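Novice: Residue numbers (this note's numbering): 607 to 960.
Glycine is no exception: its CB is placed at the ideal position from the N, C-alpha and C atoms.
Quantities reported herein were computed from a predicted structural model and do not represent experimental measurements.
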Ligand code: ADP
């Protein structure tokens, strides 16, 4: 559903019953659909109409199933802001939220995916290690609230969050890298985290801002799959240098990449490119490449959407085995084809961000 369709629905919502010769669409100053969340800035024609306008907006969009949450903000009317000829106080293109920079961190790179199971956490961990290997100071933050797998991948199972005398969270250190995971907060590996909006927002911002990260060139952040609250909270509150989207070359995964990349673009996080995982299998006997999910699909997709492919990573059963044992491939088999692919991706990321 495009914003245009939403605006059409709002045009049908007359405001005559509250004494205004307008429809609801005519009060919209800014509107953004991010995933399933709609952010609307409405002109407030008269003080005291906030609740009724909010209700009308919700009613007008109640049938629109693509919109699950609506955030409404109000701008002042021309007569509320002096002098009288002044423009509305919040200009149309100005972002509605202020983004903060994490002190000491030069670049935050978020790693997302359209769907789960495509190797997003594997890419996050190994990209962080590859950046480390080519000489940068790196941190890794696992914000995958639905399935934090970084503790297992880095051999940090059972690790807990500690706080220092300055009341700052102290990240774990592994492979010469600072690591923090939502998993460090769970009583056991299998406990699902059920976050509600404000709680999630607080936990996430704490995991970024109340942490002794030290000086980092890159903080790589493993996001949950899809286009939900975490992505939105981050985009609204934190300065992020770029996003990487991980996919496998299947149509189902690529279709979801489209959603993920357009979400990042909508929230003004530059998409650095796509990582194609499980792109092919190299037969150990013959060295021949087999493109199990089809060849060239990701390239076609990337060209159509003007995205860069940062690298293609082969399927390698040892990646999965070693990950489960806490030995990420860039560390355990630095000369493998998979590791070389990760180093290539790290170089491109570093190049793009300068
Ligand atoms: P996600 O974070 O997208 O859910 P994971 O990184 O947890 O995905 O990967 C899912 C599973 O696939 C894990 O068992 C992981 O070890 C395995 N895996 C990921 N990439 C590869 C690869 N290139 N070759 C073999 N196994 C892989």
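With a Cβ-Cβ cutoff of 9 Å, do residue 767 and residue 756 count as a contact?
Specialist: Not closer than 9 Å, so no.
Novice: Mapping DSSP to helix, strand and coil, what is residue 948?
Specialist: Residue 948 falls in the helix class under three-state DSSP.
Novice: Under a three-way DSSP split, which group does residue 918 fall into?
Specialist: Three-state DSSP puts residue 918 in a strand.
Novice: Nearest CA to the CA of residue 758: which residue from 936, 926, 940 and 943?
Specialist: Comparing Cα-Cα distances from residue 758 to each of 936, 926, 940 and 943, the minimum goes to 926.
Novice: By alpha-carbon positions, which one of 615, 678 and 723 ends up nearest to residue 645?
Specialist: Among 615, 678 and 723, the Cα nearest to that of residue 645 is on 678.
Novice: Assuming residue 825 and residue 745 are in contact, meaning their beta carbons sit under 8 Å apart, how far apart are those beta carbons, in whole angstroms?
Specialist: The Cβ separation is near 4 Å, so the contact holds.
Novice: I need the boundaries of the beta strand (DSSP E) containing residue 879, first residue and last residue.
Specialist: Residues 877–888.
Novice: With a threshold of 16 other CB atoms inside 10 Å of the CB of residue 802, please say whether the residue is buried or exposed.
Specialist: The residue in question, residue 802, is exposed, as its Cβ has fewer than 16 Cβ neighbours within 10 Å.
Novice: Taking a contact to mean a Cβ-Cβ separation below 9 Å, would you say residue 739 touches residue 955 in this structure?
Specialist: The answer is no: Cβ separation not under 9 Å.
Novice: Going by C-alpha to C-alpha distance, which of 941, 668 and 634 sits closest to residue 682?
Specialist: Considering only alpha carbons, the answer is 634.
Novice: Note down, in chain order, each residue of its chain lying with its Cβ closer than 6 Å to the Cβ of residue 616, except the 5 sequence neighbours on either side.
Specialist: The answer, listed in chain order, is 630, 631 and 666.
Novice: Which runs of the alpha helix (DSSP H) spanning at least 4 residues fall entirely within the region 826–877, listed in chain order?
Specialist: Runs of the alpha helix (DSSP H) inside the region 826–877: 835–843 and 857–872.
Novice: For a test of the three-state rule: what should DSSP assign to residue 695, helix, strand or coil?
Specialist: Note that residue 695 has pLDDT 43, beneath the 50 cutoff, so the model's placement of it is unreliable and the number below is only indicative. Coil at residue 695, not helix or strand.
Novice: Unbroken alpha helix (DSSP H) runs of length 4 or more, entirely within the region 715–794: which are they?
Specialist: Runs found: 726–739 and 756–759.
Novice: Tell whether a beta-carbon distance below 9 Å holds between residue 998 and residue 928.
Specialist: Only positions 607 to 960 of the chain appear in the structure, and residue 998 is not among them; the question remains open.
Novice: Would the region 666–676 and the region 611–628 be scored as touching if the rule is three or more Cβ pairs under 8 Å?
Specialist: Touching, yes.
Novice: Are residue 943 and residue 923 close, meaning C-beta to C-beta below 9 Å?
Specialist: Against a cut-off of 9 Å, the Cβ pair of residue 923 and residue 943 comes out as no contact.
Novice: By the DSSP assignment, the alpha helix (DSSP H) with residue 658 in it spans what residues?
Specialist: Segment 656–666, the alpha helix (DSSP H) holding residue 658.
Novice: Nearest-angstrom Cα distance between residue 875 and residue 674?
Specialist: Each residue's alpha carbon lies about 22 Å from the other.
Novice: Enumerate in chain order the residues of its own chain whose CB-to-CB distance from residue 848 is below 6 Å, with the five nearest sequence positions on each side excluded.
Specialist: Closer than 6 Å at the Cβ level, and outside the excluded window around residue 848, lie 715, 876 and 878.
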